[in-house]
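Structure first, commentary second.
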Amino acid sequence: MKFPVEITVNGVKRRSEVEPRLLLVHYLRDVLEITGTHVGCETGICGACTVHLDDEAVKSCMVLAVQADGCSVTTVEGLASDGTLDDVQQGFWEEHGLQCGYCTPGLLMSAHDLLRKSPNPSAEEIRRAINGNLCRCTGYQTIVHSIQNAAQKMRAKKPAAAKQVQPAKLRTSKRKREQRRPATV
Amino acid sequence: MAQIKQTIKPNGKYMGRRIMRKEDPRLLSGKGAYVDDIHLPNTAHVAFLRSEHANARITKLDISRARALAGVIQIVTGADLRGVVENIPPMGVLPDLFVPQHPVLATDRVRYVGEPIAAVLAENPYIAQDALELIHVEYDPLPVVVEMEKAIEPGSPLVHEQSKSNVAGTFKLDSGDIERAFRKADRIVTGRFVNQRVAPMPMEARAVQADYQAGEKMLTVWSATQIPHLLRSSLSRLLKVPENRLRVIAPDVGGAFGGKLNVYREEVLLPLLAMRLGRPVKWIETRRENMRAMIHGRDQINYVELAVTKDGRMLGLKCRTLADIGAYPQMLTAAIPTLTAIMATGCYKIPALSFELTDVFTNKMATDAYRGAGRPEATYLIERIVDMAAAELKMDPAEIRSRNFLKSSEFPFTTPSGLIYDSGNYKTCMDKALDLAGYNKLRQQQERARKQGRLMGIGLSTYVEICAMGPATSDPPGGGWESATVRIEPSGKVTVLSGASPHGQGEETTYAQIAADQLSVPFDDVTVIHGDTASVPPGVGTFGSRNTAVGGTAVYMSAQKIRTKMEAIAANLLEINPKNIVLRDGTLQSKLNPKKSVSVREVARAAYTAKKLPPGMEPGLSETSFFSPKNYTFPFGTHVCVVEVERETGEVKIIKYVAMDDCGKVINPMTVEGQVQGGIAQGLGQALYEEIIYDDNGQLVTGSLMDYAFPKATQLPEYICDRTETPTTSNPLGVKGVGEAGTIGATPALVNAVVDALAPYGIQHLDMPLKPEKVWRTIEEKPEAR
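Just so you know, the sequences run in chain order A and B. The first sequence maps to residues 10 to 194 in the numbering used here. The second sequence maps to residues 1299 to 2084 in the numbering used here.
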């Protein structure tokens, strides 16, 4: 049996009929063919599949597509605009925060999540924030530097906003949020 | 082949500089194309039924219910493959290696948990997984062989009944008068070191897609592999498809670390299914499968004896090594531990060596190349025993190393194992590392810490490794060479086609740096293409830190040939002697009159319009070179690790990590440092956390990322990295290779530091991984702790 879902992905409203067991990550990758989000473990450990669900970082292998019905999803493809890398992507480029690139989309989404909540994070804070994102290539140090680099770029652009920490906007109902709790990075 | 003797100038406009990577913008914006990102219409999805038993006869295999499930297209079992493709032979062998039949799918017998038994083809991956649940298998379990020391005892159950014992093969290396060395020794230091089984664990597991275009009779295989060309040759032999009708594509590959340096059963079966079915087929490995059925690494026990004089001179090294190779030798399974043997004496002048290697069959997945592949084991055993000798003689670990190092004037140096070390500056490198770490101060701090009852330890590791595989005479897989085509297009843009197959290391960038400098064109004008056997020249693949040293040299050689041709064309256009032409800032100009010049672009146009070429010259600007090195390279370095062990919990905290590596000349210091740091992370991972554990029944206990301790960001330190630079003489670039250095240096540095921290308790050795519980228990067991 299939269920209709309406999910806004990177700003575009998408309507599909999906099996209730279909994971969000497979919906993105195989139904919509938006393949920037990767699968690394299928068990919510590695974080390669991290996306934003209503502005919250979640592991999309831990969310069913039907749970995302009515929500808005941002993937790595939603970060760059007009082919220009955003500050976090640019930070990773400048600081060699990636090698094979497989874990990178998930890390970019986690980094965004962190920097929205904490615009000037310490190295330790960054390490804690990305503990749910495994990387086998870099040994993490360049990733920490990448996120610091991005934070600096973002603060330079919005000096006023950076001082005031904005709590994440939560548009979903409490029930929906709790359903997703285990998936939160 | 052009003879290039001179090492090139150190720094060009791009070479030697920190250049941001070409591959990153696509990978950062989700536009990479890994195998699973390549969607073909009408694809059938494959899932494998795998053995739940480590050793058993299959008495019944019933696929009828699975076959009847809606959406299942076909189910293939071992019986279906009889007479089609029966055996995947290994490439690396020992003279006496017992090579068992290695079927694509098991038929009546399974020998490790995870061995594939049947393949389901279904309309989508979810249905394929459903069908696996409906296949009914009955097993008759047999006694299981898990521990290698028990496996070689007489009377042990056998992994392969056709073999007389579980000894798969042996290798012996004797050099110098070992008995005399041990007679003359003041002390003989002994150790038994377990180098535990670990998993390469690239973030992208294995992935294979195949499609057969019947019209063109062309079989295309996409695989997350390190060796597209070797895979193509193997598939050609096994599937009886001519190589020129077979195209292997390694697109973006999400890390490999040796795990994808192989020809796997699944890689052989997928193309066969595509041909049979007449539609594309795809298999994306799950992480749980990956942990059971991709090769593992290490898994050696080394029994080591070092003969030393009382002033710390090393006279002889004896080592008996058991290597657990699992049930079926994969591509280089048997070759890997021989690297341990030939590198066992490390950076030291040890006149006598006796090394006895025994490969042992067990009911486990095969071991094979994992980052470092044999050298981390060599470095670990020598660096541990050297530290034990220093402790026994009450010498500083730096001092005993210093006394035994090969001197820089002694290179090229023929080692007891017959290798010729190219170049080295071991003492300088170590001294620089000790300076950077503040070694003397650290020792003072340690003294104070000990007085306060704190457990601080300082560990050194000085390594030398063998890279840039390798000379054809040493029988490396595929022949040991690499090739590249460099082409200046009619517009003046440059295309580099490399036979090597990078997968995250950044050679699209380093090769472009080499080509841009040699051709005096902007870096952004160079595009590097790799991984597709239909578009690139022949290649071998990426392993043994060979991409830049061997593949990069091929790029350099082709660029040199083009440069010579451009000079001739320019001279003809300018009507001057080619000897008087110089290439500078994108133009070819007269040395005598710089105003007489033509741009690279104009020369390119001339090469293709072919109207004003020197007499007899072929048109075009495209050259291919094969570089076959005459010797390996031998990078080296010193790592210093400082730890504090928490007495109450046994937790090891790394408080400082210094890496001083020497990989010869450097093309891009940023990517070199990235390789070093990533390598250290894996080396520390093995030392502290990671371990593949099979229980007594051969069940994989660490079968998911929940159970296998993959290091996280908060579990790894900041690395302080620096380099010394001692060029190699083995290639004109002077580069040695750096992909595995960190992994090789880190493991013993960490363990030496922890053992140093625990010295007040009289602890001489601890086997890895040094998890808190193990460290705590070891302390608790010591009377000094009470």
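By construction, the Cβ of each residue, glycine as well, lies at the ideal position given by its N, Cα and C atoms. Because the structure is a prediction, the values reported are computed rather than measured.
Three-state secondary structure (DSSP) at PRO1439(B)?
If DSSP states are grouped into helix, strand and coil, PRO1439(B) belongs with the strands.
How would you list, in chain order, the residues of chain A whose beta-carbon sits under 7 Å from the beta-carbon of PHE1709(B)?
What PHE1709(B) touches in chain A, judged by beta-carbon distance under 7 Å, is nothing: the nearest beta carbon there is about 31 Å away.
Under 9 Å between C-beta atoms of GLY1935(B) and ALA1667(B):
Pairing GLY1935(B) with ALA1667(B) gives a Cβ-Cβ distance that is not under 9 Å.
Any C-beta of chain A sitting closer than 9 Å to the C-beta of PHE1555(B)?
Output row for PHE1555(B): interface = yes.
Does GLN1816(B) come out as helix, strand or coil in the three-state DSSP assignment?
If DSSP states are grouped into helix, strand and coil, GLN1816(B) belongs with the helices.
According to DSSP, which residues form a beta bridge with PHE1555(B)?
The partner list for PHE1555(B) (beta bridge, DSSP) is empty, contrary to what the question assumes.
Classify VAL18(A) as buried or exposed, calling it buried when 16 or more other Cβ atoms lie within 10 Å of its own Cβ.
When all chains shown are included, VAL18(A) counts as buried.
Closer than 9 Å between beta carbons: that is the criterion. Which residues of the stretch 144 to 155 of chain A meet it against chain B?
Of all residues in the stretch 144 to 155 of chain A, CYS144, ARG145, CYS146, THR147, GLY148, TYR149, GLN150, THR151, ILE152, VAL153 have a Cβ within less than 9 Å of some Cβ in chain B.
Excluding the five sequence neighbours on either side, which residues of its own chain have a C-beta within less than 7 Å of the C-beta of PRO2046(B), listed in chain order?
THR1677, TYR1678, GLU1681, ARG1682, SER1759, listed in sequence order.
Going by beta carbon distance, what residues of the same chain come within less than 6 Å of GLU1805(B), once the five residues before and after it are set aside?
Excluding residues within five positions, the ones whose Cβ falls inside 6 Å are ASN1845.
Just how far apart, CA to CA, sit MET1446(B) and SER1463(B)?
If you draw a straight line from the Cα of MET1446(B) to the Cα of SER1463(B), it comes to about 12 Å.
Taking C-beta pairs closer than 7 Å, name the residues in chain B that THR113(A) reaches, listed in chain order.
LEU1325, LEU1326, listed in chain order.
If you measure between the beta carbons of LYS1749(B) and GLY1948(B), is that distance less than 9 Å?
Contact: no.
Buried or exposed for LYS1877(B), please, with buried defined as at least 16 other CB atoms from any protein chain shown within 10 angstroms of its CB.
Per the 10 Å Cβ criterion, exposed.
Taking the C-alpha atoms as reference points, what is the distance between GLN1816(B) and LEU2031(B)?
Cα-Cα distance, rounded: 12 Å.
Quick check: is the beta carbon of VAL67(A) nearer than 9 Å to any beta carbon in chain B?
At a cut-off of 9 Å between C-beta atoms, VAL67(A) does not count as an interface residue with respect to chain B.
Contact defined as beta carbons within less than 8 Å: I believe ALA1908(B) pairs with ILE1786(B). What is the distance between those atoms, to the nearest angstrom?
Between ILE1786(B) and ALA1908(B) the Cβ distance is about 14 Å, and since that is not below 8 Å, they are no contact.
Of all Cβ atoms in chain A, is any one closer than 9 Å to the Cβ of SER2002(B)?
Chain A contact via Cβ: present.
Could you give the C-beta distance for PRO1714(B) and ILE1648(B), rounded to a whole number, given that I count them as a contact under 8 Å?
Correct: roughly 7 Å between the Cβ atoms.
Spatial neighbours of ASP1550(B) within its chain, please: C-beta separation below 6 Å, excluding the five flanking residues on both sides.
Apart from the 5 residues on each side of it in sequence, ASP1550(B) sits with its Cβ closer than 6 Å to the Cβ of GLY1330, ALA1331, TYR1332 in its chain, given in chain order.
Chain A within 9 Å of ASP2065(B), Cβ atoms only:
No - not a single Cβ of chain A is within 9 Å of the one on ASP2065(B).
Can you name the residues that DSSP bridges to PHE1924(B)?
Its beta-bridge partners are SER1781(B).
In the structure shown, what three-state DSSP assignment does ALA1420(B) receive?
If DSSP states are grouped into helix, strand and coil, ALA1420(B) belongs with the strands.
Residues near GLU1971(B) in its chain [Cβ-Cβ closer than 8 Å; skip 5 each side]:
So the list reads CYS2019, once near-sequence residues are dropped.
Can you confirm whether the stretch 1314 to 1326 of chain B touches the stretch 76 to 83 of chain A when touching is taken to mean that 3 or more C-beta pairs between the two stretches lie within less than 8 Å?
No, they do not touch.
Taking DSSP as the reference, what is the three-state secondary structure of SER1843(B)?
Three-state result, SER1843(B): coil.
Minimum C-alpha distance to MET1864(B) - residue among PHE1821(B), LYS1910(B), SER1843(B):
Ranking PHE1821(B), LYS1910(B), SER1843(B) by Cα distance to MET1864(B) puts LYS1910(B) first.
What does LEU2014(B) touch in chain A if you count any residue whose Cβ is under 9 Å from its own?
Per Cβ cutoff of 9 Å: ARG136, GLY148, TYR149, GLN150.
Start-to-end residues for the beta strand (DSSP E) that takes in VAL18(A)
Counting along the chain, the beta strand (DSSP E) containing VAL18(A) begins and ends at 12 to 18.
Quick one: any contact between the stretch 2057 to 2065 of chain B and the stretch 1683 to 1696 of chain B, if contact means 3 or more CB pairs under 8 Å?
Under the three-pair Cβ rule at 8 Å, the stretch 2057 to 2065 of chain B counts as touching the stretch 1683 to 1696 of chain B.
Please classify GLU1603(B): does DSSP put it in a helix, a strand, or coil?
When secondary structure is reduced to three states using DSSP, GLU1603(B) falls in the strand class.
Using DSSP with H/G/I as helix, E/B as strand and the rest coil, what is MET1318(B)?
It is coil, neither helix nor strand.
For the alpha helix (DSSP H) holding HIS121(A), just list the boundary residues, first then last.
Its alpha helix (DSSP H) spans residues 113 to 126.
For the stretch 40 to 52 of chain A, list every residue whose C-beta sits within 9 Å of some C-beta in chain B, in sequence order.
When CB distances to chain B are screened at a threshold of 9 Å, the residues of the stretch 40 to 52 of chain A falling below it are GLU42, ILE43, THR44, GLY45, THR46, HIS47, VAL48, GLY49, CYS50, GLU51, THR52, in chain order.
Whole-number beta carbon distance between VAL1956(B) and VAL2052(B), since they are thought to touch under 8 Å:
Wrong, their Cβ atoms sit about 16 Å apart, outside the cutoff.
Just the chain A side, please: which residues come within less than 7 Å of TYR2017(B) by C-beta, in chain order?
Here the neighbours are GLY148, GLN150.
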